[in-house]
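As given, the protein sequences belong to chains A, B and C, one line each in that order. Reading the first sequence from the start, the letters are residues 222 to 362 in this note's numbering. Reading the second sequence from the start, the letters are residues 222 to 362 in this note's numbering. Reading the third sequence from the start, the letters are residues 222 to 362 in this note's numbering. Here a beta-carbon is modelled for each residue, glycine too, at the ideal position from N, C-alpha and C.
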Amino acid sequence: MLAAFVIANGALAMGSKVTMFFTFWGLNALRRPEDAAVNKGIIDRMFGWMMPRGSRALSLSKLHMGGFGTRLMRHVMQQKGVASLESLMQSAIAGGAEIVACQMSMDVMGIRAEELIDGVSSGGVAAYLAAAEKSDTNLFV
Amino acid sequence: MLAAFVIANGALAMGSKVTMFFTFWGLNALRRPEDAAVNKGIIDRMFGWMMPRGSRALSLSKLHMGGFGTRLMRHVMQQKGVASLESLMQSAIAGGAEIVACQMSMDVMGIRAEELIDGVSSGGVAAYLAAAEKSDTNLFV
Amino acid sequence: MLAAFVIANGALAMGSKVTMFFTFWGLNALRRPEDAAVNKGIIDRMFGWMMPRGSRALSLSKLHMGGFGTRLMRHVMQQKGVASLESLMQSAIAGGAEIVACQMSMDVMGIRAEELIDGVSSGGVAAYLAAAEKSDTNLFV
């Protein structure tokens with residue numbers, strides 16, 4: 222997620238148009254941290270509980286070590302003046318990046334639009350492919 | 222694997238030509254579930270045992286939880302009318318996707334052509350790069 | 222890492238220009254195995270200890286099994302005449318691949334240029350994006 226948003230901000234700074242498509246587990250980064258008042262079935266609710274809610278709840282892909290490694294990484298980044306994941310996300314959205322949540326993943330995981338942060342639209346694989354076809358650089362992160 | 226085949230089917234539906242190159246662990250999705258009568262050395266046989274055989278044996282990349290999460294995800298997808306990995310693979314092959322197994326990975330892991338599902342050819346990195354060069358969109362999933 | 226360097230060597234063999242950008246955990250593959258005499262703070266030193274130092278210290282992404290699987294894979298690759306990760310890296314560098322270490326990742330993880338193997342330069346996201354824009358094929362591995 223860090224790599225994706227560093228690249229997105231870099232591309233925006235260089236004047237490129239940026240579209241980011243979030244699918245499966247990637248959706249979790251876009252969830253609001255607070256509980257939303259939505260009606261859900263028990264299985265959708267279970268998925269919601271089991272998955273990290275928002276960027277602050279994400280773990281490092283390695284060296285998480287029960288939370289210690291992730292907190293250490295956040296501390297070190299702050300100390301060295303590197304933008305946090307939250308700042309990177311905010312500046313990408315403010316800079317005009319189009320953030321698209323995969324509609325099929327939302328359906329499967331039972332995540333509603335009102336549970337996602339502001340500035341996020343939703344779309345399907347056709348929307349992704351249309352954006353990919355027009356772009357110069359396209360990554361699956 | 223789900224993401225790869227959702228994108229592949231989407232691209233086919235939009236009239237694009239699709240080539241999918243399977244390397245290393247990705248090969249496991251292409252294995253036939255049943256035992257094939259092939260002669261193998263002990264190490265090749267061990268690799269065969271240790272790795273998932275076919276798409277039904279694959280685990281979710283997160284929330285597998287000893288099989289519970291993976292079964293739950295399959296159940297939810299079925300209930301919500303989302304195609305299973307197996308249907309996605311079948312419709313991609315039926316739709317004309319070229320499915321290429323990495324020859325070097327097959328050699329290293331001791332997997333023979335007759336152990337792979339129908340509709341799969343094999344090729345090397347040169348075949349991959351030739352297809353990548355001609356394509357508009359190219360992802361490493 | 223194997224996939225990345227197999228593709229890099231294939232592309233060089235086909236006469237393409239290759240640039241590889243190493244970020245976050247990917248940096249570990251570029252570390253010298255031996256201790257470098259650098260002055261570091263305690264947190265930078267800790268990161269250095271916790272992360273694999275050089276390609277020989279990397280684990281298989283699956284089937285590592287306490288080191289057994291990784292050693293077995295190296296053994297099988299050697300026996301079957303497949304180049305090791307170290308040979309692939311050497312031949313990519315010798316063949317003219319530009320190997321770029323992400324400067325921000327180096328800063329965050331406290332890794333100095335003199336701790337990386339020969340033939341590595343460093344650069345930021347702008348350098349990556351400039352190379353990506355000019356290239357025909359661009360992967361996030």
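Do residue j and residue i have their beta-carbon atoms positioned less than 8 Å apart in this structure?
i	j	result
residue 349/C	residue 226/C	no
residue 344/B	residue 321/B	yes
residue 255/B	residue 357/C	no
residue 283/C	residue 270/B	no
residue 361/C	residue 362/A	yes
residue 347/B	residue 235/C	yes
From the DSSP output, in three-state form, read off residue i for me.
i	result
residue 276/B	helix
residue 320/C	strand
residue 361/B	coil
residue 284/C	coil
residue 292/C	helix
residue 253/C	coil
residue 305/C	coil
residue 227/A	helix
residue 312/B	helix
residue 342/C	strand
Please work out which residues of its chain come closer than 7 Å, Cβ to Cβ, to residue i, disregarding the five sequence neighbours upstream and downstream, and give them in chain order.
i	result
residue 233/A	239, 313, 316, 317, 318
residue 325/B	345
residue 294/B	281
residue 298/C	305
residue 244/C	323, 326
residue 338/C	251, 253
residue 229/B	239, 241, 313, 318
Can you give me the Cβ contacts of residue i inside the same chain, cut-off strictly under 8 Å, excluding the 5 residues immediately before and after it?
i	result
residue 223/B	306, 309
residue 342/A	319, 320, 321, 322
residue 259/A	333, 335, 336
residue 359/C	353
residue 288/A	280
Within its chain, find whatever has a CB closer than 6 Å to the CB of residue i; leave out the 5 residues flanking it on each side and keep chain order.
i	result
residue 285/A	291
residue 352/B	240
residue 257/B	335, 336
residue 261/B	331
On the DSSP letters alone, give me the boundaries of the alpha helix (DSSP H) that residue i sits inside.
i	result
residue 346/A	346-355
residue 263/B	263-271
Could one say the Cβ of residue i lies closer than 8 Å to chain E's Cβ atoms, at least one of them?
i	result
residue 325/A	The chain inventory of the structure shown lacks chain E, comprising the protein chains A, B and C.
What residue range is occupied by the uninterrupted beta strand (DSSP E) comprising residue i?
i	result
residue 241/C	240-243
Inset, instruction - Evaluate the contact criterion for the region 249-268 of chain C versus the region 317-332 of chain C: three or more CB pairs, one atom per stretch, below 8 Å. - result: Yes, the region 249-268 of chain C is in contact with the region 317-332 of chain C.
Inset, instruction - Determine, using beta-carbon pairs with one atom in the region 276-294 of chain B and one in the region 245-254 of chain B, whether at least three such pairs fall under 8 Å. - result: Because the criterion of three Cβ pairs below 8 Å is met, the region 276-294 of chain B and the region 245-254 of chain B touch.
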